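Peer 1: Below are the structure tokens for one structure; questions will follow.
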Amino acid sequence: MSRRLSSSSGPSAPTATGPGAGSSTVGNARRAGTAHSGTQDRTPRVLGVLLLGVFLGALDIAIVGPALAAIGRDLAVSERQLSWIFTTYVLCNLVGNPLMARLSDLYGRRPIYMLDVGLFALGSVVVAAAPSFAVLLVGRAVQGLASGGIFPVASATIGETFPPERRGRALGMTGAMFGLAFLVGPVIGGVLLPFGWPWLFLINVPLAALILVWARRVLPPPRPAGRRAFDGLGMALLGGGLVAIALAINQVDSRQILSSLSAPRVWGLLLAGVAALVAFQRVENAAPAPLIDPALWRNRQLRLANGLAGLSGLLQAGLVFVPSLAVAAFGVTPATAAYLLAPAVLASAVGAPVVGRLLDQLGSRAVLVGGTVVLAAGLLAVPAVTGSLPLFVADGVVVGLGLASLTGAPLRYVVLNEAGAEHRAAAQSLLTVASNMGQIVGSAAMGAMVASHAGDVAGYEQAYVVLGVLAAAGALASLFLKNREEERRTALRNAPA
5 MSRRLSSSSG
15 PSAPTATGPG
25 AGSSTVGNAR
35 RAGTAHSGTQ
45 DRTPRVLGVL
55 LLGVFLGALD
65 IAIVGPALAA
75 IGRDLAVSER
85 QLSWIFTTYV
95 LCNLVGNPLM
105 ARLSDLYGRR
115 PIYMLDVGLF
125 ALGSVVVAAA
135 PSFAVLLVGR
145 AVQGLASGGI
155 FPVASATIGE
165 TFPPERRGRA
175 LGMTGAMFGL
185 AFLVGPVIGG
195 VLLPFGWPWL
205 FLINVPLAAL
215 ILVWARRVLP
225 PPRPAGRRAF
235 DGLGMALLGG
245 GLVAIALAIN
255 QVDSRQILSS
265 LSAPRVWGLL
275 LAGVAALVAF
285 QRVENAAPAP
295 LIDPALWRNR
305 QLRLANGLAG
315 LSGLLQAGLV
325 FVPSLAVAAF
335 GVTPATAAYL
345 LAPAVLASAV
355 GAPVVGRLLD
365 QLGSRAVLVG
375 GTVVLAAGLL
385 AVPAVTGSLP
395 LFVADGVVVG
405 LGLASLTGAP
415 LRYVVLNEAG
425 AEHRAAAQSL
435 LTVASNMGQI
445 VGSAAMGAMV
455 ASHAGDVAGY
465 EQAYVVLGVL
475 AAAGALASLF
485 LKNREEERRT
495 ALRNAPA
């Protein structure tokens, strides 16, 4: 198997000198240009169908909230049981990320992207027509599995369709679609809910049909390649390990975190998850066609990117508590408090394409360092703004702009440069898995800190200061990424021949 990962354990490899060095560099540049010259005229259409798919996957996360009460009433389930609508989706999303990404590395982007969109539509129909809560959860599992592949496959497609100098902008647009979906999702949900909650899921079907027709016409066809073995054992160990750890964290009571952690069920799941992941690593080292190339873990740039992705997920979890903080600090109603999350989400959506453009000009290191510094400043300022609603809103904008850099294009840009085409989608999926795990851990940790102060404003302030310190640590870690010139050389080295 070809290993096209650049070594990043230190500075970039020295540039060759001598009569043949210049011609080699020019040859790399020409090959990179040739690889993209045939697709440049179709890049707007390719980006359009990818953005629509990302919007489809993100919309179904944001649109479900308004339907929960109606689902609970119609299917006679409790609020505690309703949480499984989200939990099932998240768990299957964790499994779907590496599975669909690796399949796209083996069989091509277009067929797997279309498979993901088709499965997502199928899952939506199952949810909408579910006669029982158990069947509804089956539909959510199918949706989660399918959505897990949409974003990493879309990012890998961008890496193979867009030249390096335009990737940042394209990735920035995909990040903006997430923010847009979370802004309009509740609105669409409120409009459709009077017609019945199944329509919140059935709306996915015509959108998915449009994406399938469009993708068949504009996405590049898969390149002919010999069939390779799929690492089924590795997939089972990775999926089982991730699900076990996620379930363990999900069962931790944030109000009694120490007693929860000592519960046999939690410990059993944690140990089983860790054991499965250790076994997975050993299997991958010996597998002829590993699910995740072990070289991905040896690449320092990719390790940094995944660590920062985990941090971004943890920091994103802090946004969930903004409405609760607003209720405690300003005495507003929960309905009003929910709108106070909009400034951060809107700023992140607006900032994502701006970050993408800066990425093409300055490189990922400069953008990530600057963005995490802004984010740290916004989080550390929370205790100073809880006495003034206008300042609270303004600080939300600062936090959103900072998150646009950490959660959007820059980390995926690093992965596109460092991973060869053979493992590009799998490497992208690792970012999403790391971010999802960070969100799960962050939610439990935030809940524990808030609960330790009985829900008082001081508990929220302490939690956001801790997040601010972690964001500052992320800024320091970002300094070890490659600079713009080193990134360009790596992109040329990993360009398709």
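Residue 416 in the numbering used here sits at position 412 of the sequence shown, with consecutive numbering throughout.
C-beta atoms are modelled at their ideal positions from N, C-alpha and C, and glycine is treated no differently.
Quantities reported herein were computed from a predicted structural model and do not represent experimental measurements.
With H, G and I counted as helix, E and B as strand and the rest as coil, what does DSSP make of P511?
Peer 2: Only positions 5 to 501 of the chain appear in the structure, and residue 511 is not among them; the question remains open.
Peer 1: I need the DSSP call for F205, collapsed to helix, strand or coil.
Peer 2: helix
Peer 1: Got a sec, what are the start and stop residues for the alpha helix (DSSP H) Q147 sits in?
Peer 2: 137-165
Peer 1: By the 10 Å Cβ neighbour count, where 16 or more other Cβ atoms means buried, how is W201 classified, buried or exposed?
Peer 2: buried
Peer 1: Take the Cβ of S368 as the centre, count every other Cβ of all protein chains shown within 10 Å, and call the residue buried at 16 or more, exposed below.
Peer 2: buried
Peer 1: Please classify Y343: is it buried, with 16 or more other beta-carbons within 10 angstroms of its beta-carbon, or exposed?
Peer 2: exposed
Peer 1: DSSP three-state call for V336: helix, strand or coil?
Peer 2: coil
Peer 1: Please return the same chain residues whose Cβ sits closer than 8 Å to the Cβ of R113, not counting the five positions on each side in sequence.
Peer 2: V157, A160, T161, E164, L223, P224, P226, A429
Peer 1: Rounded to whole angstroms, what's the CA-CA distance from L9 to G243? Just pull it up for me.
Peer 2: Its pLDDT being 44, under 50, L9 is placed unreliably in this model, and the value from its coordinates should be taken loosely. In a straight line, the C-alpha of L9 is about 24 Å away from that of G243.
Peer 1: Under 7 Å, do L372 and P414 count as touching if we go by C-beta distance?
Peer 2: Yes, they are a contact pair.
Peer 1: May I ask which residues mark the beginning and end of the alpha helix (DSSP H) holding S482?
Peer 2: Where S482 is concerned, the enclosing alpha helix (DSSP H) stretches over 461-482.
Peer 1: Leaving out five residues before and five after L483 in sequence, what residues of the same chain have Cβ atoms less than 8 Å from its Cβ?
Peer 2: R369, V373
Peer 1: Out of F396, P190, L175, point me to the one whose CA is closest to A348's CA.
Peer 2: The candidate whose alpha carbon is nearest that of A348 is F396.
Peer 1: Looking at the structure shown, is F284 part of a helix, part of a strand, or coil, going by DSSP?
Peer 2: helix
Peer 1: Where does Q255 fall in DSSP's three states?
Peer 2: coil
Peer 1: Is the number of C-beta pairs between the stretch 268-277 and the stretch 115-127 that are closer than 8 Å three or more?
Peer 2: Taking 8 Å as the limit for Cβ pairs, the verdict is that the stretch 115-127 does not touch the stretch 268-277.
Peer 1: To which residues of the same chain is T436 closer than 7 Å at the C-beta, ignoring the five residues directly before and after it?
Peer 2: Contacts found: N101, F155, P156.
Peer 1: Taking contact to mean at least 3 C-beta pairs separated by less than 8 Å, is the stretch 132-150 in contact with the stretch 183-193?
Peer 2: no
Peer 1: With a cut-off of 8 Å, do at least 3 Cβ pairs link the stretch 275-289 to the stretch 304-320?
Peer 2: no
Peer 1: What do you reckon, are the CB atoms on G245 and G277 nearer than 7 Å?
Peer 2: yes
Peer 1: Would you report the Cα separation of T340 and A398, rounded to the nearest angstrom?
Peer 2: 17 Å
Peer 1: How many angstroms separate the CA atom of A438 from the CA atom of M181?
Peer 2: 20 Å
Peer 1: In whole angstroms, what is the alpha-carbon distance linking G478 and T376?
Peer 2: The straight-line gap separating the alpha-carbon atoms of G478 and T376 is approximately 7 Å.
Peer 1: Straight-line CA distance for E504 to L410?
Peer 2: What is shown of the chain runs 5 to 501, which leaves residue 504 out entirely.
Peer 1: Counting only beta-carbon separations shorter than 7 Å, does F334 have a partner in chain C?
Peer 2: Considering every chain present, this structure includes no chain C. It has just one protein chain.
Peer 1: Within the same chain, show all residues whose beta-carbon is closer than 8 Å to that of A381, passing over the 5 residues directly before and after it, in chain order.
Peer 2: V402, G406, G472
Peer 1: Quick one: is E502 buried, meaning 16 or more other Cβ sit within 10 Å of its Cβ, or exposed?
Peer 2: Because the chain here runs from 5 to 501, residue 502 falls outside it and cannot be looked at.
Peer 1: Could you check the C-alpha separation between G76 and R269 for me, to the nearest Å?
Peer 2: 27 Å
Peer 1: Applying the criterion that 16 or more other CB atoms from any shown protein chain within 10 Å of the CB defines a buried residue, is T494 buried or exposed?
Peer 2: buried
Peer 1: Considering only their Cβ atoms, is the gap separating A62 from A185 smaller than 7 Å?
Peer 2: yes
Peer 1: Taking only the alpha-carbon atoms, compute the straight-line gap between L384 and P292 and give it to the nearest angstrom.
Peer 2: 48 Å
Peer 1: CB-CB under 8 Å to N208, same chain, minus the five flanking residues each way: which ones, in chain order?
Peer 2: L60, L63, D64, F124, A125, S128
Peer 1: Can the beta-carbon of E422 be found less than 7 Å from the beta-carbon of N303?
Peer 2: yes
Peer 1: Output needed for S352: all residues of its chain with C-beta closer than 6 Å, excluding positions within five of it in sequence on either side, in chain order.
Peer 2: G183, G404, L407, A408
Peer 1: Mind the definition here: the stretch 445-462 touches the stretch 131-141 only if three or more C-beta pairs lie below 8 Å; say whether that holds.
Peer 2: no
Peer 1: Flag G243 as yes when its Cβ comes closer than 6 Å to any non-hydrogen atom of the ligand GTP, and as no otherwise.
Peer 2: The ligand GTP is not among the ligands present in this structure, which contains no ligands whatsoever.
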